[in-house]
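Chains as they are written, first to last, in UniProt numbering: chain A, 1 to 144; chain B, 1 to 144.
Backbone N, C-alpha and C fix where the C-beta goes; we use that ideal spot for every residue, glycine too.
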DNA sequence: CTTATGTAGTTGACAAAAGCAACTAAGTTC
DNA sequence: GAACTTAGTTGCTTTTGTCAACTACATAAG
């Protein structure tokens, strides 16, 4: 891999964080932080249902996470029920209110993605998505 | 744009931030934060040489930035010389020590990019880069 | 010229986010 | 059942980021 290649990739990285950081604002106009929103999503849609799993996948400090989860619970968005198998851990799930919040966030996030692509034709959009999938499939091969 | 499309794009977004966040650590093993490293880069390589320009391009609070620049100056990495044209502003430039730090960061960052791609063949790498460039060219059309 | 208005950067006060380490309670190993 | 590991909690601290007020300079209008 030559230095031109590396240059292109780092260039893309800066581009990406600049442009798509807009998408990071999807939690605005709700009362949730970015991380809180992401937690709801991971719990409800990606099946991560213990604090420990979330620590692994989001690489966040467990103490910090513990507090955030407590806050979400206090706000009635999250339920933490003691696990039967392993009494040290708690099973996380969204309450109805939590699911509603998540739906709002998803809606807003979808809107923002849509607005990022409004200037593209249908076929350009398809090509961008193909490009994304190509990157995803190939770069995922990596061990962490 | 249909909901499948949106799903793919959001999926890519999560993928990207998860994988490439590794790259965000390029400042590690130096004493610089991510933002500090980025500032050095923008000043030395992208020609942004006033605090105000950096505020625009990186979208950071000017008070916060002011403090960070002061810290970089105190550490001998940055020089701030009063501008002749507009005495309110200061022209930013890296000291030799600052350029050395930046070189280290660039080296490290390059290494990390390289390691992200070690499992790809040469032609796969080329294709990933093409995909990145396609995304970059098309999604940049957007007004902010 | 001088008054009004705008701009670049600084500073203080504060709030939110994140990290670290010690701890509890429950599981695991041998 | 003693030694060790693991899931989550709590107290303490640092880092990061926000906001508003302020200074010094710049620019435009009368």
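Looking at C-alpha atoms only, which residue of the options is the closest neighbour of residue i?
{"i": "residue 95(B)", "options": "32(B), 19(B), 9(B) and 43(B)", "result": "43(B)"}
{"i": "residue 31(B)", "options": "97(B), 114(B), 116(B) and 6(B)", "result": "97(B)"}
{"i": "residue 107(B)", "options": "129(B), 48(B), 41(B) and 80(B)", "result": "41(B)"}
{"i": "residue 33(B)", "options": "122(B), 102(B) and 81(B)", "result": "102(B)"}
{"i": "residue 2(A)", "options": "134(B), 121(B), 139(B) and 131(B)", "result": "121(B)"}
{"i": "residue 14(B)", "options": "45(A), 119(A) and 66(A)", "result": "45(A)"}
{"i": "residue 9(B)", "options": "16(A), 72(A) and 9(A)", "result": "16(A)"}
{"i": "residue 11(B)", "options": "119(A), 118(A), 127(A) and 110(A)", "result": "110(A)"}
{"i": "residue 19(A)", "options": "49(B), 52(B), 18(B) and 59(B)", "result": "59(B)"}
{"i": "residue 115(A)", "options": "134(B), 139(B) and 85(B)", "result": "139(B)"}
{"i": "residue 82(A)", "options": "105(A), 64(A) and 51(A)", "result": "51(A)"}
{"i": "residue 123(A)", "options": "113(B), 112(B), 135(B) and 93(B)", "result": "135(B)"}
{"i": "residue 49(A)", "options": "132(A), 118(A), 112(A) and 92(A)", "result": "92(A)"}
{"i": "residue 53(B)", "options": "89(B), 71(B) and 68(B)", "result": "89(B)"}
{"i": "residue 119(B)", "options": "137(A), 72(A), 62(A) and 128(A)", "result": "137(A)"}
{"i": "residue 113(A)", "options": "128(A), 47(A) and 99(A)", "result": "128(A)"}
{"i": "residue 100(B)", "options": "6(B), 130(B), 131(B) and 75(B)", "result": "75(B)"}
For residue i, is the classification buried or exposed, using 16 other Cβ atoms within 10 angstroms of its Cβ as the cut-off for buried?
{"i": "residue 38(B)", "result": "buried"}
{"i": "residue 4(A)", "result": "exposed"}
{"i": "residue 36(B)", "result": "buried"}
{"i": "residue 56(B)", "result": "exposed"}
{"i": "residue 125(A)", "result": "buried"}
{"i": "residue 64(A)", "result": "exposed"}
{"i": "residue 77(B)", "result": "buried"}
{"i": "residue 85(B)", "result": "exposed"}
{"i": "residue 143(A)", "result": "The pLDDT assigned to residue 143(A) is 42, lower than 50, so where the model puts this residue is not dependable; a value taken from the coordinates is nonetheless given after this. Residue 143(A) comes out exposed."}
Checklist entry - Enumerated in chain order, which unbroken segments of the beta strand (DSSP E) with a length of 3 residues or greater are wholly contained in the UniProt domain "HTH marR-type" (1-137) of chain A? => result 78-82 and 90-94, all fully within the UniProt domain "HTH marR-type" (1-137) of chain A.
Next on the checklist: Any C-beta of chain B within less than 7 Å: which residues of the region 69-99 of chain A qualify?
Outcome noted: Within the region 69-99 of chain A, no residue has a Cβ that lies closer than 7 Å to any Cβ of chain B.
Checklist entry - Mind listing which residues of the region 37-50 of chain B have their C-beta closer than 7 Å to chain A's C-betas, in chain order? => result Within the region 37-50 of chain B, contact with chain A at the beta-carbon level (separation under 7 Å) is assigned to no residue.
Checklist entry - Mind listing which residues of the region 114-125 of chain A have their C-beta closer than 9 Å to chain B's C-betas, in chain order? => result Of all residues in the region 114-125 of chain A, 114, 115, 116, 117, 118, 119, 120, 122, 124 and 125 have a Cβ within less than 9 Å of some Cβ in chain B.
Item to check | Interface positions of the region 2-19 of chain A facing chain B (Cβ-Cβ less than 8 Å), listed along the chain | outcome: Taking 8 Å as the Cβ-Cβ cut-off against chain B, the residues of the region 2-19 of chain A that qualify are 3, 5, 6, 8, 9, 10, 11, 12, 13, 15, 16 and 19.
Checklist entry - Given a limit of 9 Å on CB to CB distance, which residues of the region 126-137 of chain A reach chain B? => result Of all residues in the region 126-137 of chain A, 126, 127, 128, 129, 130, 131, 132, 133, 134, 135 and 136 have a Cβ within less than 9 Å of some Cβ in chain B.
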